[in-house]
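Notes for the one structure printed next.
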């Protein structure tokens, strides 16, 4: 096989390569020394330099020819005003790389990163890493002091990381540690969930863009958000605190004040300034759980705070700055909320760059056992008492937990509560079959009590047989409508309360007629309802 010719591309070093007169040979000059080295045959040297160093470049080219007559030497002009300006230096070197006629079939290229400013060396590395320069890097080493004038040594750096198994393995190990950390060390078995956490780990390490965690109540959004912050802080990616707020608890002036802060006297009772949660999250992470519950004004200000990193505290005429990363959590379909006019489309677009949907516990039956063990360990850590299940109890609980009977409506909150109850009642730290059976009945009753309560109330109005033919969704919704109707004095008042959002998007709204038609679907009439409640 025909061997390739070696071509070195290097920057002139105005300091290291400098020297005039016969004494210059007593000093180590890396560009000339590279061509003096007997272990490296340089077929061609491309010397990059600015025109203002033309005299020094001619000296270096002449000296290379004298020590290595077999080396062809070429002078290449590149220009930039400030050698410490990344944009200028990278632009000049990038232009050279794009225009140079590389012949990789017949030539191999080495880029000398010994000379030039640190900025230039970094730019050469980046161009080689991205293959604009299809080359390996070469670093020259000066000789010992007692051998001044000798060529010294060199080291070739190959950027193909696949050749560095230990380094690649280290990166993989670090990623595995990151994903395990996000899962709180739980050895989950569900393939889809594990792939989801792998992707989240990639994103949170590489990006500061907002994250949207979607999933049912109790699926672990809050815990995952906190672990994301801890992971980023361990990697020095954030400095500030983790600030969490449930937006469903924010209402009216209190919502604006809690999120954005207020100044003294902004409203009745504002006796002092309040910084607000957004400012507390500066340089850290802000987790807004149930973000779909935010009001329209809060949504507008949040959008500005995310995009501009500034906002106006309530009652203030001066902006404040806070640079935070946002994690939003929701169990709603925010796209549907946009269509209904409940959520801003531009805010959704801003927080929807990275959306991750967390599955409920019933969708991960293979993960119930490792999570059971995790909850037992957590109880032991908090209580200081080691808790175990005997073999029969463990088998019985897991059999029920993965069955269709187990609804896990509260997801991991239900599992945590179940373990806490059994562990608390465990005599001698051992959960028995009897305790498991008792807990199974308790869970079943808890999951069905809401349905039973709804059916009981509707039975009075419609009869039990008719109610049994309704979907659970209709039973739950209808019962809530009944609750509102019972507390209002007129059909119009009830309609205004029930259609409080969609009515705002209509030029004219007949809330009473909308409610009347809804009740008619179930054979109900407003006047009859009011009469039945008076009895």
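In my numbering, the protein residues as written are 1 to 535. Note that beta-carbon positions come from the ideal geometry of N, C-alpha and C, so glycine has one too. On a predicted model such as this, the values are computed, not experimentally measured, just so you know.
Item to check | Terminal residues of the alpha helix (DSSP H) in which residue 91 lies | outcome: To locate residue 91, count along the chain shown from 1; it is residue 91. Residue 91 -> alpha helix (DSSP H) spans 86 to 99.
Next on the checklist: Taking the beta strand (DSSP E) that residue 246 belongs to, which residues open and close that run?
Outcome noted: Against the chain shown, residue 246 aligns to sequence position 246. Residue 246 -> beta strand (DSSP E) spans 242 to 246.
Next on the checklist: Does the contact criterion of 3 or more C-beta pairs under 8 Å hold for the region 379 to 387 versus the region 242 to 258?
Outcome noted: no
Item to check | C-alpha gap between residue 180 and residue 360, whole angstroms | outcome: Taking the chain shown and counting its residues from 1, the one referred to as residue 180 is at position 180. Taking the chain shown and counting its residues from 1, the one referred to as residue 360 is at position 360. Put simply, the backbone Cα of residue 180 is about 19 Å away from that of residue 360.
Next on the checklist: Here's the rule: buried if 16 or more other CB atoms are within 10 angstroms of the residue's CB, otherwise exposed. What is residue 202?
Outcome noted: Stepping through the chain shown from its first residue, residue 202 is reached at position 202. When all chains shown are included, residue 202 counts as exposed.
Next on the checklist: Taking the alpha carbon of residue 472 as the reference point, which residue from 57, 231, 447 has its own alpha carbon closest?
Outcome noted: By one-based count along the chain shown, residue 472 stands at place 472. Nearest C-alpha to residue 472: 447.
Next on the checklist: Between 502, 477, 440, 486, which has its C-alpha nearest residue 522's C-alpha?
Outcome noted: Residue mapping note: residue 522 aligns to position 522 of the chain shown, counting from 1. When only C-alpha atoms are compared, the closest one is 477.
Checklist entry - Measuring CA to CA, which of 380, 362, 267 is closest to residue 410? => result Here residue 410 is taken as the residue at index 410 of the chain shown, counted from 1. When only C-alpha atoms are compared, the closest one is 362.
Next on the checklist: So if DSSP puts residue 49 in a beta bridge, which residue, or which two residues, is it bridged to?
Outcome noted: As a position in the chain shown, residue 49 is number 49, starting the count at 1. As computed with DSSP, residue 49 is found in a beta bridge with 77.
Checklist entry - Which residues in the same chain as residue 430 place their Cβ atom closer than 8 Å to its Cβ, once the five residues preceding and following it in sequence are excluded? => result Taking the chain shown and counting its residues from 1, the one referred to as residue 430 is at position 430. Taking residue 430 as the centre and dropping the five residues before and after it, the same chain places the C-beta of 387, 388, 389, 390 closer than 8 Å to its C-beta, in chain order.
Checklist entry - Which one of 74, 529, 520, 297 has the shortest CA to CA distance from residue 488? => result If you number the chain shown from 1, residue 488 lands on position 488. It is 529.
Checklist entry - If you run the structure through DSSP and keep just helix, strand and coil, what is residue 311? => result Counted from its first residue, the chain shown places residue 311 at position 311. In the structure shown, residue 311 sits in a strand (DSSP, three-state: E or B).
Checklist entry - Does the separation of the CB atoms of residue 255 and residue 298 fall below 7 Å? => result Position 255 of the chain shown, counted from the first residue, corresponds to residue 255. Position 298 of the chain shown, counted from the first residue, corresponds to residue 298. Yes. Within cutoff.
Next on the checklist: The beta strand (DSSP E) that contains residue 112, what's its start and end?
Outcome noted: On the chain shown, residue 112 is found 112 positions in, with the first residue counted as 1. Per DSSP, residue 112 belongs to the beta strand (DSSP E) from 107 to 112.
Next on the checklist: Just to confirm, is the Cβ distance from residue 193 to residue 350 under 7 Å?
Outcome noted: What you label residue 193 is simply residue 193 of the chain shown in a count that begins at 1. What you label residue 350 is simply residue 350 of the chain shown in a count that begins at 1. No, the pair does not count as a contact, with Cβ atoms beyond the cut-off.
Next on the checklist: Which residues does DSSP list as the beta-bridge partners of residue 357?
Outcome noted: Indexing the chain shown from 1 puts residue 357 at position 357. According to DSSP, which records beta bridges pairwise, residue 357 is partnered with 214.
Checklist entry - Exposed or buried, which one is residue 425 when buried takes at least 16 other CB atoms within 10 Å? => result For this step, residue 425 is matched to residue 425 along the chain shown. By the neighbour-count rule (16 or more Cβ atoms within 10 Å), residue 425 is not buried but exposed.
Checklist entry - Roughly how many angstroms separate the alpha carbons of residue 182 and residue 375, rounded to a whole number? => result Along the chain shown, one-based indexing puts residue 182 at 182. Along the chain shown, one-based indexing puts residue 375 at 375. Using only the alpha carbons, I get a separation of about 16 Å.
Checklist entry - For residue 86, is the classification buried or exposed, using 16 other Cβ atoms within 10 angstroms of its Cβ as the cut-off for buried? => result Stepping through the chain shown from its first residue, residue 86 is reached at position 86. The residue is exposed, with fewer than 16 neighbouring Cβ atoms inside 10 Å.
Next on the checklist: Comparing C-alpha positions only, which one of 290, 320, 315 sits nearest to residue 304?
Outcome noted: Along the chain shown, read from residue 1 onward, the residue named residue 304 stands at position 304. The residue with the shortest Cα to Cα distance from residue 304 is 320.
Next on the checklist: Please return the same chain residues whose Cβ sits closer than 7 Å to the Cβ of residue 502, not counting the five positions on each side in sequence.
Outcome noted: Along the chain shown, read from residue 1 onward, the residue named residue 502 stands at position 502. The answer, listed in chain order, is 340, 341.
Checklist entry - Which two residues bound the contiguous alpha helix (DSSP H) that contains residue 325? => result Taking the chain shown and counting its residues from 1, one reaches residue 325 at position 325. Run containing residue 325: none in the alpha helix (DSSP H); it sits in the beta strand (DSSP E), 325 to 330.
Checklist entry - Alpha carbon to alpha carbon, what distance is there between residue 286 and residue 482? => result Here residue 482 refers to the residue found at position 482 when the chain shown is read from its first residue. Here residue 286 refers to the residue found at position 286 when the chain shown is read from its first residue. Distance between the alpha carbons of residue 482 and residue 286: 38 Å.
Checklist entry - Given residue 16, which residues of its chain have a CB within under 6 Å of its CB, disregarding the five upstream and five downstream residues? => result The count along the chain shown starts at 1 and reaches residue 16 at position 16. Counting only Cβ-Cβ distances below 6 Å, and skipping sequence neighbours, we find 30, 115.
Item to check | Per DSSP, cross-strand counterpart(s) of residue 44 | outcome: The residue labelled residue 44 in the question sits at position 44 within the chain shown. Bridge partners of residue 44 according to DSSP: 7, 72.
Item to check | Cβ-based neighbour list, residue 92, same chain, cut-off 7 Å, excluding 5 preceding and 5 following | outcome: In the chain shown, counting from the first residue as 1, residue 92 sits at position 92. Hits under 7 Å: 78, 79, 80.
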